[in-house]
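Worksheet: one structure, shown below.
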Amino acid sequence: MSPLAAILFRDLRIAVRVGGGALIGVLFFLVVVTLTPFALGPDIALLQRIGPAILWLAALLASLLALDRLFAADHQDGSLDLILMGRAPLELVVAAKALAHWLTTGLPLIIAAPLIGLLLNLDGRAEAALVLTFLVGTPALTFIGLIGAAIAVTLRRGGLLLAVLVLPLTVPVLIFGVAAANAAMVGPVPFGTPFTILCALTLASLVVGPFAAAAALRQEME
Amino acid sequence: MRLSATDLACRRGGREVFAGLSFSLASGEAMAIRGRNGAGKSSLLRMVMGLIRVAAGRLALEGGDPEMTLGEQAHYLGHQDALKPSLSVGENLRFWAGFFSAAEADIGAPLAAVGLEELIDLPATYLSAGQRRRLSIARLLAVKRPIWLLDEPASTLDAAAQEKLGEFMRAHLAGGGLIMAATHGVLGLDGAQELRLDQSPSPQVVKDGSP
Chain A
1 MSPLAAILFR DLRIAVRVGG GALIGVLFFL VVVTLTPFAL GPDIALLQRI GPAILWLAAL
61 LASLLALDRL FAADHQDGSL DLILMGRAPL ELVVAAKALA HWLTTGLPLI IAAPLIGLLL
121 NLDGRAEAAL VLTFLVGTPA LTFIGLIGAA IAVTLRRGGL LLAVLVLPLT VPVLIFGVAA
181 ANAAMVGPVP FGTPFTILCA LTLASLVVGP FAAAAALRQE ME
Chain B
223 MRLSATDLAC RRGGREVFAG LSFSLASGEA MAIRGRNGAG KSSLLRMVMG LIRVAAGRLA
283 LEGGDPEMTL GEQAHYLGHQ DALKPSLSVG ENLRFWAGFF SAAEADIGAP LAAVGLEELI
343 DLPATYLSAG QRRRLSIARL LAVKRPIWLL DEPASTLDAA AQEKLGEFMR AHLAGGGLIM
403 AATHGVLGLD GAQELRLDQS PSPQVVKDGS P
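Going down the list, the protein sequences come from chains A and B.
FYI, the numbering used here numbers position 134 of the first sequence as 134, with every residue one higher than the one before it.
Count along the second sequence from 1, add 222, and you get the number used in the numbering used here.
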C-alpha cells in the first residue's frame, strides 16, 4: 500500500469508529436545517426563496465542525512527528487527509441535501442544482479549512481560532454557491455563470490548500 | 555509514539550548545522550529528525541514500506512542508499516517479537502503557531504517521488555545500524559512546565507545 493510501484508509477508518465524528457533521447539518422552518414559520414562499442560502450556511458550519481535529489529533499523539519523517511529500499527505475528511463530512451532506430540501419546499430542479453546487463547492470548504487547521494545530482550543480564520476565506465559495443555486431556481443570470466561478474557486483551493497547510505545519512543528 | 555533527548549535524560542556540539557515530555504534532536564536531549534528537532547524554547525550523514533526508532514513521512538485508540493493534502497526514503506510489510513477526501477537485485534485503547510502548517498538522492527532515535526508550517497560529492547538494539547494531538514545537510566549496550550535553564549556563525548 502506498503511504498516501495508508493515510487515507486510516483516517476513514478512524472517522467511522466510535468517537470518530463521521456522522456528527451531517447530523448537525440536518438539525440546523430542520430548525429553520420552525424559526421562520410556515411561509412556503419565503422558505423556498432562502432555502439554498440556509442549506449552504448549514453545510459551511457543518464542514468546520470536525476540522480542528484534522491535524491536532495527530499532533497530540505524536503521529505528526512521524508523518513528517515519511518519504511521501507532506503536501500530498495533507491532501490525502483532506480527501478523507471530505469523504466523511462533505459527501454525507451531499447525500442528505435532497432529503432535507423537501423541508424547505425546494422543487426537483432546485434540488438538482443545489446538489451540484454542493458537490463542487464542499471540497473547497475542506481545502480552505485545511489551512486554518494546520495553523491552529498546536493550540489547545484551536477550534475557535480556526472558525475565525477560515470563515472569512470561505465567503467567495458561499456567494457563488448560493448564487448558482438561486440562478437555477429563479434566474435572472444563467446557472453556468456563478457555477463556473465556483468550480474555479474549488480548483484554486485544491492547489493552494495543501501547499499552504504543509508550509504551516512545517513551521508549527519547529 | 557515518553520522557526524560539527559545532552544532540549537536554539529554541530565542534561547540557546546547546552549542559547539561535535560527535561522530559510525555503523554499528550507539550513543547515549545524557544531561539534566532541559539540556537539549530531545531537541538534539528532533534536530536529527529534521524537525528543528540547525541553528549553526553541520549535521551530515555519509554513506546514506543521497536522495533522502536524514529524517527519512531514521526511526523515532518518543514519549508519545503515535497510536490511535480506536484502531486495533494490528491496524495501528499495519498503518505505520504501510506509511513508511511502499512494499507490503509483514507485521506478524514484529508483533510476535514484542509479544503482542495475541492482541492483534484488540483496540489500542485497552493497551497498558508498557504494551503501547512495545507496539511502538514493533514499528521499528517492521520497517528497516538505518538510524534509530530513541527518547527514553526504556520508560514504562518492565524488566523483561527492557531486556528484549536491548536484544533488538544489539541486533540493529549488528546489522549495521546506528542508535542515538536520550536516557537517564542505563542503555544496556556495551561500548556505547556517551554524550554529555550539560558539560561546560560545551557538550562533549565523555566516553568514546572503545572498550
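We put the beta carbon where it would ideally sit given N, CA and C, even for glycine.
Note that the structure is predicted; figures quoted are calculated from it, not measured.
By the CB criterion at 8 Å, residue 205 of chain A and residue 126 of chain A fall outside the cutoff.
Around residue 298 of chain B, the beta-carbon contacts reaching into chain A at under 9 Å are 78, 81, 82 and 85. The alpha carbon of residue 371 of chain B has as its nearest neighbour, out of B:251, B:290 and B:228, the alpha carbon of B:251. In the structure shown, residue 302 of chain B falls within a coil segment according to DSSP collapsed to helix, strand and coil. Rounded to whole angstroms, residue 202 of chain A and residue 333 of chain B show a C-alpha spacing of 44 Å.
In chain order, 180 place their CB closer than 6 Å to the CB of residue 195 of chain A, counting only its own chain and leaving out the 5 sequence neighbours on each side. Contact check between the segment 224-241 of chain B and the segment 161-174 of chain A: fewer than three CB pairs, one atom from each, fall below 8 Å, which does not count as touching.
DSSP places residue 429 of chain B in the uninterrupted beta strand (DSSP E) bounded by 426-429. Three or more beta-carbon pairs separated by less than 8 Å link the segment 22-41 of chain A to the segment 54-63 of chain A, which places the two stretches in contact. Note on geometry: alpha-carbon atoms of residue 290 of chain B and residue 110 of chain A lie some 41 Å from one another.
According to the DSSP assignment, residue 218 of chain A belongs to the alpha helix (DSSP H) that extends over 192-220.
With three or more CB-CB distances shorter than 8 Å, the segment 152-159 of chain A counts as touching the segment 68-81 of chain A. In this structure, the beta-carbon distance from residue 10 of chain A to residue 90 of chain A does not fall below 8 Å. The DSSP-derived three-state label of residue 21 of chain A is coil. Residue 274 of chain B is positioned such that its CB atom lies no closer than 8 Å to that of residue 220 of chain A.
Put simply, the segment 252-261 of chain B touches the segment 405-422 of chain B. At least three CB pairs are less than 8 Å apart. For residue 60 of chain A, the enclosing alpha helix (DSSP H) covers residues 44-65.
Here the alpha carbons of residue 277 of chain B and residue 236 of chain B stand approximately 11 Å from one another.
At a Cβ-Cβ threshold of 8 Å, residue 352 of chain B and residue 380 of chain B count as neighbours. For residue 313 of chain B, a Cβ of chain A is located within less than 8 Å of the residue's own Cβ. Listed in chain order, the alpha helix (DSSP H) runs fully inside the segment 310-341 of chain B are 311-322 and 330-335, counting runs of at least 4 residues. Annotation: residue 115 of chain A to residue 339 of chain B spans about 47 Å, alpha carbon to alpha carbon. Within the same chain, Cβ atoms closer than 6 Å to the Cβ of residue 297 of chain B are found at 362, 367 and 370, the five residues on either side in sequence being excluded. When only Cα atoms are considered, residue 214 of chain A and residue 150 of chain A end up about 7 Å apart.
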